[in-house]
Structures are given as structure tokens and as C-alpha cells.
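In our numbering, the protein residues as written are 316 to 521.
Note that the Cβ used here is the ideal one computed from N, Cα and C, for glycine as well.
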Amino acid sequence: MGNPCRTTTRPRAAKTLGVAGLGDVGQALAARAQGFGMRVIALCRRAPLPHPGDGARGGGSPGEDAVPTVFGPDHLAEFLAQADFVVNLLPLTSATRALFGAPEFGRMKPSAYFLNLGRGETVDQDALIAALRAGAIAGAGLDVTAPEPLPPESPLWEMPNVILTAHYAGWSDAMLDRIFAIFIDNLVRFDAGQPLHNVVDLRAGY
Numbered sequence: 316m317g318n319p320c321r322t323t324t325r326p327r328a329a330k331t332l333g334v335a336g337l338g339d340v341g342q343a344l345a346a347r348a349q350g351f352g353m354r355v356i357a358l359c360r361r362a363p364l365p366h367p368g369d370g371a372r373g374g375g376s377p378g379e380d381a382v383p384t385v386f387g388p389d390h391l392a393e394f395l396a397q398a399d400f401v402v403n404l405l406p407l408t409s410a411t412r413a414l415f416g417a418p419e420f421g422r423m424k425p426s427a428y429f430l431n432l433g434r435g436e437t438v439d440q441d442a443l444i445a446a447l448r449a450g451a452i453a454g455a456g457l458d459v460t461a462p463e464p465l466p467p468e469s470p471l472w473e474m475p476n477v478i479l480t481a482h483y484a485g486w487s488d489a490m491l492d493r494i495f496a497i498f499i500d501n502l503v504r505f506d507a508g509q510p511l512h513n514v515v516d517l518r519a520g521y
């Protein structure tokens, strides 16, 4: 006979999801979150947003239409203050290194959660640990850390309000099929002299 226990869940509808980084993944996440009734806001360095289907950006997503409120980098504090969940999908560049530090976590709601699915070094990890310990934010979900792998002595392993995964959030049974499909499509496009998907912008750094 099992041991009875009481569990609680928190409804996601009417909560605000803040998506930092509005590329293909961010747009897809925004569309799915809106399907659960969440208000979605985003942080994006570009304006206007990339158009779905733009070959230079890799195909686009219907998620762009799910984001009526987009903040530029100069409005990071306002973006953080409104979000119940902040999902960091930003690439690592000179502009995003340690972007999320003590001042930024201080701008978040004490009830908010921070999820990092982008790059570990975009976060000041010591500041994150301090914020979690102090109750400045409610919790964190980290698929990436700095460094990787996370050292055994890191306090993050033992924190009850932290979930850690091993840089694996983007993988699924269909991942390799998608990679090969993009490669083959790009090969055909290259041969035909057409724009390629997922072209690196050397000036932007990703």
C-alpha cells in the first residue's frame, strides 16, 4: 500500500511567460504557451521581428504572431518584472555574457521561476545561487550551466528549488531526422544558388 501524500499544482493560465530570445525556438515556445492561455512577452534585440519563412533565419514559426508585447534590450528590467516564468534562450555573445545577474534577479517577482535553455555563461551563476537562497526568485530550471558539466560540489545539486538537466532539452526522437532534412534542403539550395537556412550572422555572433 502506498503512502498517501498531498500535492499541489499551479494553473498556468493567466500567468505571464517571458521569452528571452525570439528565434525559431522562442517563437515555437510562445505559440505553445499561448495555447495554454498564458500571456506571452518577449525580449528581442531585433525590430521588426523576423518574418516566418525567411530563408536566412531557417524557416520561421507561427509563434511570432503569439507575441504582442516585445521588449528591446534597453527594457530588460521591465520585461523581467512582468514575467512569472522567464525562459532564457539567448545565444552567448559579448552583449549577453552574464546578462542575468544580481540586479536582474532582483527585478523578478519573488514568485517567479527562471529557466535557462540557452547558454550557461549568459547567467552569473553565483548571483543566481544567491537569489535562490535568499528567496528573491521561487526556483530555477537549468538545462545549461557554467561550467559544463556542473562540478559535483556546486550547491545547485542540493537546492530543493532547482531542477537540473544535462543540456538535453532540445533532443527528441525526431532530432536527427530534422538535422538531416535541413542539411539536405540546404545542399539543394546551395546547388541552386538559393538562400540557405540557419546562416550564421558573423556580426551578431550567432
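- If you draw a straight line from the Cα of Glu468 to the Cα of Asp439, it is about 17 Å long.
- Per DSSP, Arg354 is one residue of the beta strand (DSSP E) stretching across Arg354 to Leu358.
- According to the DSSP assignment, Asn403 belongs to the beta strand (DSSP E) that extends over Phe400 to Asn403.
- Between Leu432 and Ala398 a beta carbon distance of about 15 Å is seen, past the 8 Å cut, so the two are scored as non-contacting.
- Inter-residue distance for Arg434 and Gly333 is about 17 Å (C-alpha atoms, whole angstroms).
- For Val515, there is no enclosing alpha helix (DSSP H), as DSSP gives it neither H nor E.
- With a cut-off of 8 Å on Cβ pairs, the region 470 to 479 is not in contact with the region 490 to 498, counting fewer than three such pairs.
- Excluding sequence positions up to five before and after Val515, its CB lies within less than 7 Å of the CB of Tyr521, all in the same chain and listed in chain order.
- By the C-beta density criterion, Ala348 is buried, having at least 16 other C-beta atoms within 10 angstroms.
- A contact is defined here as three or more CB-CB pairs under 8 Å, and the region 337 to 356 fails this definition with respect to the region 408 to 418.
- Shown here for Leu502: not one same chain residue has a beta carbon closer than 6 Å to its own, the five before and five after excluded.
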